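K.L.:
Handing you this structure, nothing more for now.
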Amino acid sequence: MTTTTTPRKDTRRKPDPKCPLRPGEPCTLCQASVTGPQDCGLVYLIMDDPEAREAWAASRRR
Ligand code: SF4
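In full-length UniProt numbering, the protein residues as written are 1 to 62.
Right, here's the structure in full:
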């Protein structure tokens, strides 16, 4: 018996990195020269500065 395999379309998607500043939303590469959240200067600035992080958290509570 011969089995044939039909080529399956590759339905795998690339990882969809989420924006840490907009929970639940994907990174849209809104900052210049970034490849994702991992090298996003805005994410770095906010997360690295306790005051900015608190202000960001407060803005999300409103
Ligand atoms: S580039 Fe930075 S701020 Fe813009 S969506 Fe991506 S992670 Fe968020």
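For every residue, glycine included, the Cβ atom is placed at its ideal position computed from N, Cα and C. These numbers come from a predicted model, not from an experiment.
1) Between which two residues does the alpha helix (DSSP H) carrying proline 20 extend?
2) Can you tell me where the alpha helix (DSSP H) with leucine 45 in it begins and where it stops?
3) Report the option in Thr11, Thr28 and Leu45 whose CA atom is closest to the CA atom of lysine 18.
4) Compute the minimum distance between the beta carbon of arginine 53 and the heavy atoms of the ligand SF4, and state whether it is under 8 Å.
5) Measure the beta-carbon distance from aspartate 16 to proline 23 and round it to whole angstroms, keeping in mind my assumption that it falls under 8 Å.
P.N.:
Short version:
1) Per DSSP, proline 20 belongs to no alpha helix (DSSP H) and is neither H nor E.
2) 41-48
3) Thr28
4) no
5) So it is not a contact: roughly 14 Å between Cβ atoms.
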